[in-house]
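Data first, discussion second: the structure below is written as structure tokens.
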Amino acid sequence: MYKRPHYNELFKRLKEPRKYIQVIAGPRQCGKTTLIQQALDSIDIPSYYTSADAVPNRNNIWIEQQWEMARLKCKQKTGKKGFILVLDEIQKIS
Numbered sequence: 020m021y022k023r024p025h026y027n028e029l030f031k032r033l034k035e036p037r038k039y040i041q042v043i044a045g046p047r048q049c050g051k052t053t054l055i056q057q058a059l060d061s062i063d064i065p066s067y068y069t070s071a072d073a074v075p076n077r078n079n080i081w082i083e084q085q086w087e088m089a090r091l092k093c094k095q096k097t098g099k100k101g102f103i104l105v106l107d108e109i110q111k112i113s
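For the sequence shown, the residue numbers in our numbering are 20 to 113.
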């Protein structure tokens, strides 16, 4: 499977202890979603991926709901180090 040029850098950063939010930005249709999905499939850290693409109520309540869902999934994955929450298309939330 083809891996985008930035894959190794993203993979390395995801494996580091998380202190900050990581943002993947770029022009439309350049492969940002594919990049993060490939990295999540390859990494041994539990994660929760969701997209704001088809969210009916685009407000901060959606973000709170996703945060709670990630927290629940994180609790279920005890014994693993860390957890990754991915909010794709987050710019669509007002």
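Note that beta-carbon positions come from the ideal geometry of N, C-alpha and C, so glycine has one too.
Residue interval of the alpha helix (DSSP H) (run including residue i)
i, result
"Ser-61", "51 to 61"
"Ile-82", "79 to 95"
"Lys-34", "26 to 34"
beta-carbon residue i near the ligand SAH non-hydrogen atom, thresh 7 Å
i, result
"Gln-41", "This structure does not include the ligand SAH; it has no bound ligands of any sort."
Span separating the alpha-carbon of residue i from that of residue j
i, j, result
"Gly-101", "Thr-52", "21 Å"
"Asp-72", "Ile-109", "8 Å"
"Thr-34", "Ser-70", "Contrary to the premise, residue 34 reads as Lys rather than Thr in this sequence. One C-alpha to the other measures close to 22 Å."
"Pro-75", "Glu-83", "15 Å"
"Gly-45", "Leu-54", "12 Å"
"Lys-31", "Lys-111", "28 Å"
"Ala-19", "Asn-27", "There is no way to answer for residue 19, as the model of the chain reaches only from 20 to 113."
Limits of the beta strand (DSSP E) - the one that residue i falls within
i, result
"Tyr-67", "66 to 70"
"Val-42", "Per DSSP, Val-42 belongs to no beta strand (DSSP E) and is neither H nor E."
"Ile-103", "103 to 107"
Spatially closest choice to residue i from the options, by CA coordinates
i, options, result
"Val-105", "Arg-47, Gln-57, Pro-46", "Gln-57"
"Gln-94", "Ile-55, Ser-70, Pro-65", "For the sequence presented, residue 94 should be read as Lys rather than Gln. Nearest of Ile-55, Ser-70, Pro-65 to Lys-94, Cα basis: Pro-65."
"Arg-47", "Val-74, Asp-107, Ile-112", "Asp-107"
"Lys-96", "Ile-112, Ser-113, Asp-63", "Asp-63"
"Tyr-21", "Arg-90, Gly-50, Arg-32", "Gly-50"
Neighbour-count burial assignment, residue i, 16 or more Cβ in a 10 Å radius
i, result
"Leu-29", "buried"
The region 24 to 44 contacting the region 71 to 86, beta-carbon criterion three pairs below 8 Å: no
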